[in-house]
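Please read the structure below before turning to the comments.
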Amino acid sequence: MSGKRIIQVDERVPLGLLIPLSIQHVFAMFGASVLVPMLFGIHSGIVLFMNGIGTLLFILLTKGRAPAYLGSSFAFLAPAGIVITELGFQYAQGGFVVVGLLGCLLALIIYKCGTAWIDVVLPPAAMGPVVALIGLELAGNTITPGSTGADLSSGLHIAVFAVTLGVAILGSVLFRKFLSVIPLLVAMICGYVTACCLGLVDFSAFASISLTNPLSWFSIPHFQLPKFDLQAILIMVPVLLVITAEHIGHQIVTGKIVGRDLIKDPGLHRSLLGDDLSTALSGLIGSVPTTTYGENIGVMAITGVYSVRVIAGAAIISIIMAFFAPLSAFISTIPGDVIGGITFLLYGMIGTSGLRILVDKQVDYSKNRNLILTSVVFVAGLSGLTISVGAISITGMTLAAVVAVVLSLVFYVCDKAHLMNDSEG
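Going by the numbering used here, 253 is the number at position 253 of the sequence shown; the sequence numbering is gapless.
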């Protein structure tokens, strides 16, 4: 580490170095970014476009002081899946817009009031299980046959699933240097090649692309306006708690890597505004919510490249890729067995990231409040419990987030009244 050439946040990078470093960033984010639109069943081009626009917007709002790449958020998968199944993707878009705008309002509140109240509403003992449930709730989808799940009833499909998952697992612990931050992308490539060799890939999506017609190589991302429904919005709103917790964690970790307190400068209100405004705009034009990406943090930690100019370059490349038709055609040919193999590990890793919050924050489980809070939130999210209020039904991670906030506030009030039996003194 002492011999590594560090490229700091505000440092200028020569063009000859800027381009390959930006491409490296794009590939590190690519696998997870395109996975979300595949799970939602929408065109990946619009997502790549908005990831790029969102990243540039984030850099602008944070005055180029917070190195972050905005990719597709996994926190919305479960509630958005419910809305898409019942009403369609455009109604999920409406939920994205509202959550993003509420996040912008939260950024204003943080600007006026500071950040101390966040630990009251969502303390670590509640934040950890809520974040973990993003992945754990979706685990069953990985082996559900379809475009995003593996078909384990056939030997050929099992082989593709096993190769993909095996490379993802071994790559995560054996790969070094740059490969160590893209094991999922490498696993996806290996799984895809295996599927091709076994005759499980349908290449008909490339039929409209002609070598003699250059115009066929370009496409316009599928833009569409959102639709709004109160039930869909209420299902989606609790995710705001999750993405806020995720964002704060990313900013703290990134700050430690680059040696700056990003919570103070440029300020949590600015970075949160950039994150949530991007989510609102994404929903408005037909894309998926965005979030500051952990993959970006991994690339910076390994390469020592923190420059926002490199990240801006990656954003521009992402926008260009959005208009490249062969890329979209390729993504549509990826078998569900490959996606299932990737998500089998990925959802588990998301779950573990929630548990990591409990470890990093050193949550004391000798205190009943922490033990009860974590336990109840986990069971609320995993038990299948559904609470209906009129036409509104909430379940899974969404219900867990609501329970976490309510229970945390009750415990806080009881503590201030000196009623808690684990209070010190």
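Yeah, the Cβ is synthetic: ideal placement off N, Cα and C, and Gly gets one too.
Neighbour-count burial assignment, Val-406, 16 or more Cβ in a 10 Å radius: With fewer than 16 other Cβ atoms from the protein chains shown falling within 10 Å of its own Cβ, Val-406 counts as exposed.
Pro-221 beta carbon less than 7 Å from that of Gly-283: Judged by beta-carbon spacing, Pro-221 lies beyond the 7 Å limit of Gly-283, meaning their Cβ atoms are not closer than that value.
Segment contact, 8 Å Cβ cut-off, at least three pairs: the stretch 373-384 with the stretch 108-118: No: fewer than three Cβ pairs fall under 8 Å.
Contiguous beta strand (DSSP E) assignments of at least 3 residues, all confined to the stretch 379-407: Segments of the beta strand (DSSP E) lying fully in the stretch 379-407: 386-389, 392-395.
Three-way DSSP call (helix, strand, coil) for Ile-334 in this model: In the structure shown, Ile-334 adopts coil according to DSSP, grouped into three states.
Span of the alpha helix (DSSP H), counted from its first residue to its last, around Ser-72: Run containing Ser-72: none in the alpha helix (DSSP H); it sits in the beta strand (DSSP E), 70-72.
Reduced DSSP category for Gly-146 - H, G, I as helix; E, B as strand; rest coil: Judged by DSSP in its simplified three-state form, Gly-146 adopts strand.
Presumed contact (8 Å Cβ cut-off) between Leu-355 and Gly-128, rounded CB distance: Their Cβ separation, rounded to whole angstroms, is 6 Å, which keeps Leu-355 and Gly-128 in contact under 8 Å.
Contact set for Met-1: own chain, Cβ-Cβ below 7 Å, skip 5 residues either direction: Unreliable placement is indicated for Met-1, whose pLDDT of 41 sits below 50; no coordinate value is reported for it.
Cβ neighbours of Gly-425 in the same chain (closer than 7 Å, five flanking residues each side left out): Residue confidence for Gly-425 is low, a pLDDT of 46 falling below 50, so the modelled location carries little weight; the figure read from the coordinates is stated next. Scanning its chain for C-beta atoms nearer than 7 Å, with the 5 sequence neighbours on each side dropped, one finds no residue around Gly-425.
Residues bridged to Ile-7 (per DSSP): Val-305, per the DSSP bridge assignment.
Buried versus exposed call for Gly-3 [16 or more other C-beta atoms within 10 Å across all chains shown]: Note on Gly-3: pLDDT 48, under 50, position unreliable in the model; the coordinate value appears next. Residue burial is scored here from C-beta neighbours: Gly-3 has fewer than 16 other C-beta atoms within 10 angstroms and is therefore classed as exposed.
Meets three-Cβ-pair contact criterion under 8 Å: the stretch 363-372 and the stretch 156-163: With the cut-off at 8 Å, the stretch 363-372 and the stretch 156-163 do not touch.
Thr-244 - containing alpha helix (DSSP H), residue span: Element bounds for Thr-244: 239-258.
Thr-85, enclosing beta strand (DSSP E) - first and last residue: Where Thr-85 is concerned, there is no enclosing beta strand (DSSP E), although the alpha helix (DSSP H) it sits in stretches over 77-86.
Rounded separation between Leu-211 and Leu-268 - CA only: If you take the alpha carbons of Leu-211 and Leu-268, they lie about 49 Å apart.
Residue interval of the beta strand (DSSP E) (run including Thr-290): Where Thr-290 is concerned, the enclosing beta strand (DSSP E) stretches over 290-292.
Leu-272 beta carbon less than 7 Å from that of Ala-107: By the CB criterion at 7 Å, Ala-107 and Leu-272 fall inside the cutoff.
Simplified DSSP assignment, three categories, for Tyr-365: Coil.
Contact belief for Ile-169 with Leu-345 at Cβ below 8 Å, rounded distance in angstroms: Correct: roughly 6 Å between the Cβ atoms.
DSSP three-state assignment for Phe-49, whether helix, strand or coil: Secondary structure at Phe-49: helix, using DSSP grouped into helix, strand and coil.
Stretch-stretch touch, CB-based, cutoff 8 Å, three pairs: the stretch 61-71 with the stretch 244-261: The stretch 61-71, when compared against the stretch 244-261, does touch it at the 8 Å Cβ threshold.
Environment of Leu-419 [buried if 16+ CB atoms lie within 10 Å]: It is exposed - the Cβ of Leu-419 has fewer than 16 other Cβ atoms within 10 Å.
Segment limits, alpha helix (DSSP H) that includes Met-420: Met-420 -> no alpha helix (DSSP H), and no H or E assigned at all.
8 Å Cβ shell around Trp-217 - same chain, five flanking residues per side excluded: Correct list, in chain order: Ile-209, Phe-324, Ala-325, Pro-326.
CB of Ser-307 within 7 Å of CB of Glu-11, strictly: Yes, the pair counts as a contact, with Cβ atoms nearer than the cut-off.
C-alpha gap between Asp-422 and Phe-76, whole angstroms: In this structure, the alpha-carbon of Asp-422 lies about 35 Å from that of Phe-76.
Collapsed DSSP secondary structure at Phe-228 in the structure displayed: It is coil, neither helix nor strand.
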